[in-house]
Amino acid sequence: MSYHRTWLEQCGSEDSHARALWALGVAVKTSPTDSIREASARIFREAITACEEFQSVRSLAYAIVGAHAYLEIYSGDSIVRRMRNILADRVFSLFQQNASDEWPWFEDKVTYANGMIPLALMLAGQWIPNLEMHATGVKALKWLMEIQTAEEGHLSVIGNQQWMTKHGVRSKFDQLAIEPMCLILACCQAYYSMQDPAWIKEAQRCLDWYLGRNDLNIPLISFKTGGCHDGLNPEGRSVNEGAEATLSWLISLLSVRKLMTTQPPTSQSDEAEKAKEPATETAELESGEDNDK
Numbered sequence: 006m007s008y009h010r011t012w013l014e015q016c017g018s019e020d021s022h023a024r025a026l027w028a029l030g031v032a033v034k035t036s037p038t039d040s041i042r043e044a045s046a047r048i049f050r051e052a053i054t055a056c057e058e059f060q061s062v063r064s065l066a067y068a069i070v071g072a073h074a075y076l077e078i079y080s081g082d083s084i085v086r087r088m089r090n091i092l093a094d095r096v097f098s099l100f101q102q103n104a105s106d107e108w109p110w111f112e113d114k115v116t117y118a119n120g121m122i123p124l125a126l127m128l129a130g131q132w133i134p135n136l137e138m139h140a141t142g143v144k145a146l147k148w149l150m151e152i153q154t155a156e157e158g159h160l161s162v163i164g165n166q167q168w169m170t171k172h173g174v175r176s177k178f179d180q181l182a183i184e185p186m187c188l189i190l191a192c193c194q195a196y197y198s199m200q201d202p203a204w205i206k207e208a209q210r211c212l213d214w215y216l217g218r219n220d221l222n223i224p225l226i227s228f229k230t231g232g233c234h235d236g237l238n239p240e241g242r243s244v245n246e247g248a249e250a251t252l253s254w255l256i257s258l259l260s261v262r263k264l265m266t267t268q269p270p271t272s273q274s275d276e277a278e279k280a281k282e283p284a285t286e287t288a289e290l291e292s293g294e295d296n297d298k
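If you read the sequence shown in this note's numbering, its first letter stands for residue 6, the second for the next number, and so on.
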């Protein structure tokens, strides 16, 4: 939409549609009022079916994560459960079609918001349940953390000047603020489902990227504005503090805080109970400003 409040596109992107579903699902799960929850649920139900035609693996992942949040409240919704399962099967199939021992990934390149994809598989795999699907999500996440770790041990996000391909060279810049957030969400879920404390350390390492433990040793958050700079470039950090970057920082901070102050769930979710899905999944899974440019 333009500043004049007119639509710029005849049809929105898969990515924007799926991100909206994620937001709606979270609104359903966390809304403080019934009116907001019911309105969000109605829009979610109307919008989820369009995802069956989506081709982007990230869009599928966003929709799955949104559906999981929705189902934590409306666990008896068989239509949304069916859509969640269909989309998860498609993401799982993409891994089987494209992955190899050297390249355990869902497509022939690694781009942005990568952590959302293993997150989606871990969530779906745990609650469908499908142990192989969950294990695939964990495998992909481990690989993501490995390839985005610098020799010094800090997080080094894949740059968007040239995305990482199977036989190509990845670029170091520009590094986007959305990537650490998606990795944090995935690491948190990995800990909740397996209770391996190593994932807490990985989530903290991703959070440190915003605080200055990155390739340029520059913090991206601004304590003056409360915002987050859009990313890192060869000259320093972006002067912009956009909505995506700021939301990424805040979601990351809240997610790690929750991780450090709460215990992982020990009982099966209402979704699984009401849908009468097997209860074995969890048990088995647990065996400076002058740098601105």
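For every residue, glycine included, the Cβ atom is placed at its ideal position computed from N, Cα and C.
| Check | Outcome |
| --- | --- |
| Pair within 9 Å by beta-carbon distance, L190 and I256 | yes |
| Burial state of P202, where buried means 16 or more other Cβ atoms lie within 10 Å | exposed |
| Coarse secondary structure for Q102, derived from DSSP in three states | helix |
| Cutoff 7 Å; reference N103; Cβ partners in own chain excluding five residues on either side | W110, F111, E112, D113 |
| Beta-carbon gap between L128 and V85 smaller than 9 Å | no |
| Reduced DSSP category for T54 - H, G, I as helix; E, B as strand; rest coil | helix |
| Inter-residue spacing [alpha-carbon to alpha-carbon] between N238 and R218 | 15 Å |
| E184 vs A195 beta-carbon contact at 9 Å | no |
| First through last residue of the beta strand (DSSP E) which encompasses L237 | 236-238 |
| Span separating the alpha-carbon of A55 from that of L65 | 11 Å |
| Per-residue burial, T306 [other beta carbons within 10 Å of its own, 16 or more giving buried] | A question about residue 306 goes unanswered here, because the residues of the chain that appear run from 6 up to 298. |
| Contact check, G243 vs G236, beta carbons under 9 Å | Residue identity differs from the one stated: residue 243 is Ser in this sequence, not Gly. A contact, by the Cβ cut-off of 9 Å. |
| C-beta contact flag for M88 and E51 at 9 Å | no |
| Assigned exposure category for M265 - 16 Cβ within 10 Å defines buried | exposed |
| Local Cβ density within 10 Å of E43, reported as buried at 16 or more and exposed below that | exposed |
| Check whether V115 and I41 have beta carbons under 9 Å apart | no |
| Contact under 9 Å by Cβ, N135 with A93 | yes |
| CB contact flag (Q167, S176, <9 Å) | yes |
| Which residues DSSP lists as bridging V115, in chain order | M169 |
| Beta-carbon separation (whole angstroms), W27 vs Y67, contact threshold 8 Å | 5 Å |
| Of the listed residues Q101, V96, R24, G158, nearest to P123 (C-alpha basis) | V96 |
| Boundaries of the alpha helix (DSSP H) in which S64 is found, first to last residue | 62-76 |
| Distance between H9 and S198 (C-alpha atoms, nearest Å) | 46 Å |
| Where R242 sits in the DSSP three-state scheme | strand |
| Outcome for I91 when other beta-carbon atoms lying within 10 angstroms are tallied against a minimum of 16 | exposed |
| Extent of the continuous alpha helix (DSSP H) run through C233 | From DSSP, C233 is part of no alpha helix (DSSP H); its letter is neither H nor E. |
| Opposing strand residues paired with Q180 [DSSP bridges] | L237 |
| Assigned secondary structure, T154 (DSSP; H/G/I helix, E/B strand, else coil) | strand |
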